[in-house]
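Working notes, structure below.
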Amino acid sequence: MSTLFTKIINGEIPSYKIAENDDFYAFLDVNPNAKGHTLVVPKKEADKLFDLDEETYNGLMRFSRKIAIAIEKAIPCKRVGMAVVGLEVPHVHVHLIPLEAMRDVQFTHKVILSPVEFEAIAKAISDNL
Numbered sequence: 126m127s128t129l130f131t132k133i134i135n136g137e138i139p140s141y142k143i144a145e146n147d148d149f150y151a152f153l154d155v156n157p158n159a160k161g162h163t164l165v166v167p168k169k170e171a172d173k174l175f176d177l178d179e180e181t182y183n184g185l186m187r188f189s190r191k192i193a194i195a196i197e198k199a200i201p202c203k204r205v206g207m208a209v210v211g212l213e214v215p216h217v218h219v220h221l222i223p224l225e226a227m228r229d230v231q232f233t234h235k236v237i238l239s240p241v242e243f244e245a246i247a248k249a250i251s252d253n254l
């Protein structure tokens with residue numbers, strides 16, 4: 126059965142896409158910790174980060190780095206943090222979170238954005254790739 130993220134990748138569920146290539150997909154988290162909070166996922170389903178083969182793991186890190194650099198150019202922040210938790214959705218995903226304070230990396234802290242704001246943020250990040 127397809128995961129939530131596979132359904133997003135396949136366009137069955139809408140997303141605020143940042144970028145994609147043959148192997149990876151990046152999109153805004155709809156329950157963000159901070160403005161610009163982005164998820165990066167491999168298109169190949171795997172439950173846990175360390176279940177990925179080495180090539181996919183390294184590719185995920187390279188793709189995530191590219192997205193993080195674009196986030197930092199588009200969203201004012203002190204740095205872009207990265208978290209891999211993976212308990213909510215059984216599909217490997219990297220959280221890239223623009224950080225101003227430690228609360229931004231706490232998954233109890235949420236920011237409310239409108240669809241227009243999500244679209245503008247996605248475009249701003251994409252434009253910096």
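So for the sequence shown, my numbering puts the first residue at 126; every next one is plus one.
For each residue, glycine too, the CB sits at the ideal point set by N, CA and C.
Return the residue from the list A245, P167 and V241 that minimises the CA-CA distance to N135. P167
Cα-Cα separation, F232 to A208: 10 angstroms
Pick out whichever of I143, S140 and G161 has its Cα sitting closest to the Cα of I222. G161
Quick check: the Cα distance between Y141 and H220, rounded to an integer number of angstroms? 15 angstroms
Give the range of the beta strand (DSSP E) segment to which A222 is assigned. Strictly speaking, residue 222 in this sequence is Ile, with Ala absent from that position. Residues V219 to L224.
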